[in-house]
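In my numbering, the protein residues as written are 33 to 485. Glycine residues also receive a C-beta, built at the ideal position from the N, C-alpha and C atoms. Remarks on the structure that follows.
Printed below as a string of structure tokens:
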């Protein structure tokens, strides 16, 4: 190696060592700044004269530098070769990242970790808020666990959902699903999540307290001092729930299928404004898809026939559940109880409802708690919407956005007339045709879990 090349190499090594010393040096004292040469002075300093420098650098230092330059490796980041499986030395492998988990395990211990913008509650906060999860504060209970009424330190009322399946895959999935769905869907008629609590043994969700409970409780479990839902509120529930579902189907990306629409999942705040909740069974669906195949799950009487028989659910599955919910609003009874009542007359439920509508025997169908205080024409229209939504064929059911328009007074009469003509034509072409042969309410099904959330 010539002396010129040697000198250039030594200068490079010296500079590298100097950089390391600077990096290891303590922070600069501001008082020393004035005593140090300025940048301009340093720039104009004479170049280094190496003629009289005594070179004492070891060969190891030089070779280490040369090797580091040739391999382009950093002394702080060691790059280890990837070993390929035996017999696959000449194959290219796609190195895949580990799947990203929705919840970081460390979040259980780190109070600063938040799921998005959601507030993280400490377990102690919720214990105090619910009086240590007192049975006196239980608002609801079901397959998921229990819901407790609580009062936070700031005085606000909340509903704390305490999941009981926390150590099972279903429990973890239900917790994740509910958080994902509610965080993704933002609408005035959809339940919002205030926060969550995660510990190694607990999973809890914190919601605003709904002063008037669920529609189901108002219809069937109200106290003697509580007034029944009047006709105005029932109409409002029908419209606002339809708007919420239309939002999930048409304005979310990916769209969301609720899969368990019923009166028990529709809540009422202090002003009786409708809030749709119960997203634990909800399913995301790509906007390019029209249906998705899943395990059949939901509540008996609200599960669409095609979902029950094939496991394929779609937005039209929710439309069916919504129609069944309308029957709850109209009659005040569970759909399963209505089906048994109809079977006493040896007819299918929807045929029974349709015949009562045709004969204008609304008093047989309408909730006695209304005491006749409703507008007959509006009641007939709501029954018509319920029948259109609960057709056995999913293609015949309207979209939820169409339901909203019909409830707002646009297009129901035309749609009802068209449906009646189609039914008459089918019966003429096929005398054995029965429009609701697929609409059944089984007493028990092995792969269906009726969740009352």
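- Task: Rounded to whole angstroms, what's the CA-CA distance from residue 382 to residue 276? Just pull it up for me.
- Result: As a working mapping, residue 382 is identified with position 350 in the chain shown. As a working mapping, residue 276 is identified with position 244 in the chain shown. Whole-angstrom Cα-Cα distance: 25 Å.
- Item | When 387, 272 and 190 are compared against residue 433, the one with the closest alpha-carbon | Mapped onto the chain shown, residue 433 falls at position 401. For residue 433, the nearest C-alpha among the options comes from 272.
- Task: Please say whether residue 389 and residue 270 have beta carbons closer to each other than 8 Å?
- Result: In the chain shown, the residue the question calls residue 270 occupies position 238. In the chain shown, the residue the question calls residue 389 occupies position 357. Against a cut-off of 8 Å, the Cβ pair of residue 389 and residue 270 comes out as no contact.
- Under the three-state reduction of DSSP, which class applies to residue 226: helix, strand or coil? As a first step, residue 226 must be located in the chain shown, where it is residue number 194. In this structure, residue 226 counts as coil in the three-state DSSP scheme.
- Message: At the level of alpha carbons, what is the spacing between residue 408 and residue 250?
- Response: On the chain shown, residue 408 is found 376 positions in, with the first residue counted as 1. On the chain shown, residue 250 is found 218 positions in, with the first residue counted as 1. Rounded to the nearest angstrom, the two C-alpha atoms are 22 Å apart.
- Message: Please classify residue 462 as buried or exposed, where buried requires at least 16 other C-beta atoms within 10 Å of its C-beta.
- Response: One-based indexing of the chain shown puts residue 462 at position 430. Result: exposed.
- Task: Work out the CA separation of residue 312 and residue 328 for me, nearest whole Å.
- Result: For this step, residue 328 is matched to residue 296 along the chain shown. For this step, residue 312 is matched to residue 280 along the chain shown. Spanning the two alpha carbons is a distance of roughly 14 Å.
- Straight-line CA distance for residue 419 to residue 367? Start at 1 with the first residue of the chain shown, and residue 419 comes out as number 387. Start at 1 with the first residue of the chain shown, and residue 367 comes out as number 335. Going by the C-alpha atoms only, they are around 13 Å apart.
- May I ask you to report which of helix, strand or coil DSSP gives residue 353? As a position in the chain shown, residue 353 is number 321, starting the count at 1. Note: residue 353 maps to helix in three-state DSSP.
- Just to confirm, are residue 180 and residue 165 a CB contact at a threshold of 8 Å? Position 148 of the chain shown holds residue 180. Position 133 of the chain shown holds residue 165. Yes, they are a contact pair.
- Item | Local Cβ density within 10 Å of residue 338, reported as buried at 16 or more and exposed below that | Translated into positions along the chain shown, residue 338 becomes position 306. Classification of residue 338: buried, given that the 10 Å Cβ count is 16 or more.
- Query: Roughly how many angstroms lie between the CA atoms of residue 443 and residue 437, to the nearest whole one?
  - Reply: For this step, residue 443 is matched to residue 411 along the chain shown. For this step, residue 437 is matched to residue 405 along the chain shown. Roughly 7 Å between the two C-alpha positions.
- What do you reckon, are the CB atoms on residue 218 and residue 300 nearer than 8 Å? Taking the first residue of the chain shown as 1, we reach residue 218 at position 186. Taking the first residue of the chain shown as 1, we reach residue 300 at position 268. No; because the gap between Cβ atoms is not below 8 Å, this pair is not in contact.
- Query: Would you say residue 293 and residue 350 are within 8 Å of each other, going by their C-beta atoms?
  - Reply: Numbered from its first residue, the chain shown carries residue 293 at position 261. Numbered from its first residue, the chain shown carries residue 350 at position 318. The answer is yes: Cβ separation under 8 Å.
- Query: When you compare each of 215, 343, 235 and 260 to residue 280 by their alpha carbons, which one comes out closest?
  - Reply: One-based indexing of the chain shown puts residue 280 at position 248. Nearest option by C-alpha distance: 215.
- Task: Sort 398, 333, 415 and 347 by Cα distance to residue 371 and report the nearest one.
- Result: The count along the chain shown starts at 1 and reaches residue 371 at position 339. Checked all of 398, 333, 415 and 347; the closest Cα to residue 371 is 333.
- Message: Distance check for residue 429 and residue 346, CA to CA, integer angstroms please.
- Response: Here residue 346 refers to the residue found at position 314 of the chain shown. Here residue 429 refers to the residue found at position 397 of the chain shown. Looking at the two C-alpha atoms, the distance is approximately 12 Å.
- Task: Excluding the 5 residues preceding and the 5 following residue 213 in the sequence, name in chain order all residues of the same chain whose CB lies nearer than 7 Å to its CB.
- Result: As a first step, residue 213 is located in the chain shown; it is residue number 181 there, counting from the start. The answer, listed in chain order, is 288, 311 and 314.
- Count the other CB atoms, across all protein chains shown, that sit within 10 Å of the CB of residue 490; report buried if there are 16 or more and exposed otherwise. Residue 490 cannot be examined here, being either before or after the span of the chain that is shown, 33 to 485.
- In whole angstroms, what is the alpha-carbon distance linking residue 361 and residue 295? Counting from one through the chain shown, the residue named residue 361 turns up at place 329. Counting from one through the chain shown, the residue named residue 295 turns up at place 263. Their Cα atoms are separated by approximately 8 Å.
- Item | residue 286 - DSSP class collapsed to helix/strand/coil | Taking the first residue of the chain shown as position 1, residue 286 is located at position 254. The answer is coil: DSSP assigns residue 286 none of H, G, I, E or B.
- Query: How would you label residue 68, buried or exposed, when you count the other beta carbons within 10 angstroms and need 16 or more for buried?
  - Reply: Here residue 68 corresponds to residue number 36 of the chain shown, with the count starting at 1. Confidence in residue 68 is poor, its pLDDT being 47 and thus under 50, which makes the residue's placement too unreliable to answer from.
- Item | Candidates 210, 220 and 304: closest to residue 278 by CA position | Within the chain shown, numbered from 1, the residue matching residue 278 stands at position 246. The option with the nearest alpha carbon to residue 278 is 220.
- Task: Would you mind stating whether residue 223 and residue 239 have Cβ atoms separated by less than 8 Å?
- Result: For this step, residue 223 is matched to residue 191 along the chain shown. For this step, residue 239 is matched to residue 207 along the chain shown. In contact: residue 223 and residue 239 (Cβ atoms closer than 8 Å).
- Residues near residue 395 in its chain [Cβ-Cβ closer than 8 Å; skip 5 each side]: Taking the chain shown and counting its residues from 1, one reaches residue 395 at position 363. Same-chain partners within the cutoff: 404.
- Query: Alpha carbon to alpha carbon, what distance is there between residue 316 and residue 284?
  - Reply: Here the question's residue 284 lines up with position 252 in the chain shown. Here the question's residue 316 lines up with position 284 in the chain shown. Cα to Cα, the separation comes out at about 10 Å.
- Query: How long is the line joining the alpha carbons of residue 259 and residue 266, rounded to whole angstroms?
  - Reply: Taking the first residue of the chain shown as position 1, residue 259 is located at position 227. Taking the first residue of the chain shown as position 1, residue 266 is located at position 234. About 13 Å.
- Burial state of residue 423, where buried means 16 or more other Cβ atoms lie within 10 Å: Taking the chain shown and counting its residues from 1, the one referred to as residue 423 is at position 391. Classification for residue 423: buried.
- Take residue 150 as the anchor and find which of 400, 230 and 445 has the nearest alpha-carbon. For the purposes of this step, residue 150 is identified with residue 118 of the chain shown, where counting begins at 1. Residue 230 is the option with its Cα nearest to residue 150.
- Task: Mind reading off the beta-carbon distance from residue 195 to residue 161? Whole number of angstroms is fine, and I expect it under 8 Å.
- Result: For this step, residue 195 is matched to residue 163 along the chain shown. For this step, residue 161 is matched to residue 129 along the chain shown. Actually they are not in contact, since the Cβ atoms of residue 195 and residue 161 sit about 17 Å apart, beyond 8 Å.
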